[in-house]
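Right, one structure below, let's go through it.
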Amino acid sequence: MADIDVRPPRQALSAAGCLLGLALAVAARPAAAQTASTEAFPTPSGSAELYRAACASCHGADGAGAEPSAVAFEEALPDFTECSFATREPDADWVAIAHEGGPVRGFSRMMPAFGAALSKDQLQRAMDHLRTFCGSDSWPRGELNLPRALVTEKAYPEDEAVLESAIAVQGAGSVQNQIVYERRFGARNQFEVVLPFGWANRGQAEGRPEGEDTWVGGIGDIALGVKRAMLHSLRSGSILSLAGEFILPTGNEADGLGKGTVVFEPFLSYGQLLPASSFFQFQGGVEIPFDTEKAENEAFWRATLGTSLVQGRWGRTWSPMVEVLAKRELAQGEPTHWDLLPQLQVTLNARQHVRLNVGVRIPLDDADVRSTEILFYFLWDWFDGGLSDGW
Ligand code: HEC
428 MADIDVRPPR QALSAAGCLL GLALAVAARP AAAQTASTEA FPTPSGSAEL
478 YRAACASCHG ADGAGAEPSA VAFEEALPDF TECSFATREP DADWVAIAHE
528 GGPVRGFSRM MPAFGAALSK DQLQRAMDHL RTFCGSDSWP RGELNLPRAL
578 VTEKAYPEDE AVLESAIAVQ GAGSVQNQIV YERRFGARNQ FEVVLPFGWA
628 NRGQAEGRPE GEDTWVGGIG DIALGVKRAM LHSLRSGSIL SLAGEFILPT
678 GNEADGLGKG TVVFEPFLSY GQLLPASSFF QFQGGVEIPF DTEKAENEAF
728 WRATLGTSLV QGRWGRTWSP MVEVLAKREL AQGEPTHWDL LPQLQVTLNA
778 RQHVRLNVGV RIPLDDADVR STEILFYFLW DWFDGGLSDG W
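First residue of the sequence shown? That's 428 in the working numbering, and the numbers climb one at a time after it.
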C-alpha cells in the first residue's frame, strides 16, 4: 500500500454528514477498509452523483459548504458558489487537493484525500460538477493565469503584491526596485499601483577624491493603472486584456530617477495556453509623454515563451521562460533595442501563492552602453492567504 498519510477527520462524522463522502475518505486508508466501503457504497459514475456521494456531506449539495453545526470541525468551508474565489483556481490544483488531501496545497487535513478511493478521472468529474456552482462565465478561469514573467505584463487580472529588483552587473552600478500592488475588481478588472525606488552610481563628483563615487537614491515615477480582460476562453486557452497606465513625475528628474512629465501608457496583453503545459504571452503598447520636450514617444513589445514542470506528481512548480523585449523611440531613424531575458520561476510554498523568479536581461545591441542586469521578483498572491500560510 502506498505510503499516503491520510487521516480523515473521524470527528467530521456527524449524523447528517455520515455519507459516502466519508466512507470514501476512510476507504483511502488501508486496502481492507477500501474494499469494504466501496462494496458497501458502489461508486457512481455521473459527475453530479460523484460530487453528491463524495463531497456534498461537507461542501453542501449546493457547493456553499455545509452548516457549521452539520460538521464537527472548526475549519471554514470554502464557498464554491462564489465566482470570485472559485474561478481563479485551476482544476489541476483542486484535483491535487482532492487526490492528496488539503495539506498538499497547505490546507487543512480536514479536507481528506480521496486518491486511494477515487481515480483522478473520477475526481475530475466531481470537479466538473463543482464548477457548475458559479453560474457565471464572465470570470476568466485560473488556467489562464499564466506564470508571471519578469517584464511582460500578463493578461490575467490579479490580486498580487510583487517586489521586483534589477541589478546592473556592468558599468557604474545601479539597483532599481519596484513594489507592485494589484487588486481585482468585478469579474474582469484590476487596478495597479507601482512604486519604484532605487539607487544609481553617478560616478565621481567634481572636487571629490578619486574612488569616491556619488550614489543617488530615492523614489521614482509612481504609476497607476487599470486593466480589463476583454476576451477570455478556456476552450481556446486564450485571454486578451486592454490596459492603461498613468506614470506620474514623482521621481527626481535631476537625479535621473524620473522623467519629469506625466506619461500615458496604453497596452495590450495576450496569453495563450500551448500543449504540454507550455504557454505564450505577449504585451505591446506605447508610452506617450505629456511633455515631449522631456521624453519621446516610445513603442514597446514583449513576448514570453515558457513551460511549467511539476516536481514529483503534485509538488513544486518550476517554470522556465524566455522573454524577448523590444523598444523603439517613435522618431525617424531611431533604432530598435532588443533584450533577451531567460529566467526561472519557482513556487516557494505548498499553496503555490508565494513565488520567486530570477533571470538575466542581456542587451542584444548597444551592449557597450546598456548593461546586463540580474532581475528577480518575489511574488505574493495575497488573495490565497497570508505570507506565512500554506507552507
Ligand atoms: C470531511 C469533509 C470534507 C469532504 C468529504 C470533502 N471536503 Fe473538500 N474541504 C474540506 C475542508 C474542511 C476544506 C477547507 C480546508 C482549508 O481551508 O484549510 C476543503 C477544501 C477543499 C478544496 C480547496 C478549496 C480552496 O480553498 O482552494 C477543494 C478543491 C475541495 N475541498 C474539494 C473537495 C472535493 C472535490 C471533494 C469530494 C471528492 C471534497 N472536497 C470532499 C472538507 C471536506
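Beta carbons: idealized from backbone N, C-alpha and C, even for Gly. Remember, it's a predicted structure, so these values are computed and weren't measured experimentally.
Self-check item: Opening and closing residue of the beta strand (DSSP E) in which Q708 lies
Solution: Secondary structure note for Q708: its beta strand (DSSP E) is the uninterrupted segment 705-716.
Quiz item: At a cut-off of 6 angstroms, is S535 close to the ligand HEC when judged by its beta-carbon and the heavy atoms of the ligand?
Solution: Checking every heavy atom of the ligand HEC against the Cβ of S535, one is found closer than 6 angstroms.
Exercise. Would you tell me roughly how many angstroms separate the C-alpha atoms of C510 and E639, rounded to the nearest one?
Key: Those two C-alpha atoms are separated by around 58 angstroms.
Quiz item: Hey, quick one: how far does the alpha helix (DSSP H) through S484 stretch, first residue to last?
Solution: First-last of the alpha helix (DSSP H) with S484: 483-486.
Self-check item: Per-residue DSSP class, three states only, for W807
Solution: In the three-state DSSP reduction, W807 falls in the strand class (E or B).
Quiz item: Do you know offhand how far P530's Cα is from F507's?
Solution: Approximately 19 angstroms between the Cα atoms of the pair.
Exercise. Apply the 10 Å Cβ neighbour rule to F612 and answer buried if 16 or more other Cβ atoms are within range, or exposed otherwise.
Key: F612 should be labelled exposed.
Quiz item: Does any heavy atom of the ligand HEC sit closer than 6 angstroms to the C-beta of S484?
Solution: Relative to the ligand HEC, the nearest heavy atom lies less than 6 angstroms away from the CB of S484.
Practice problem: Pick out whichever of A475, G711, A582, G698 has its Cα sitting closest to the Cα of F560. | Solution: Considering only alpha carbons, the answer is A475.
Practice problem: Less than 8 angstroms between the CB atoms is what I'm expecting for H659 and L571, so what's the real figure, rounded? | Solution: Taking C-beta atoms under 8 angstroms as the contact rule, H659 and L571 qualify, at a distance of about 6 angstroms.
Quiz item: Nearest to A595 by CA position, among S484, V689, L802, L806, is which residue?
Solution: Closest option to A595, judged by alpha-carbon separation, among S484, V689, L802, L806: L802.
Quiz item: Hey, E692 and E714: beta-carbon distance below 7 angstroms or not?
Solution: It is a contact, given that the beta carbons lie within the stated cut-off.
Quiz item: Applying the criterion that 16 or more other CB atoms from any shown protein chain within 10 Å of the CB defines a buried residue, is D808 buried or exposed?
Solution: Label assigned to D808: buried.
Quiz item: What is the DSSP secondary structure of A834, counted as helix, strand or coil?
Solution: Nothing can be reported for residue 834: it is not among the residues displayed for the chain, which extend from 428 to 818.
Self-check item: DSSP-derived helix/strand/coil call for F534
Solution: Here F534 carries a coil assignment [DSSP, helix/strand/coil].
Exercise. Can you give me the Cβ contacts of V690 inside the same chain, cut-off strictly under 6 angstroms, excluding the 5 residues immediately before and after it?
Key: So the list reads I674, E714, P716, once near-sequence residues are dropped.
Exercise. Flag this pair as yes or no: are the beta carbons of Q605 and E591 separated by less than 7 angstroms?
Key: For Q605 and E591, yes; Cβs fall inside 7 angstroms.
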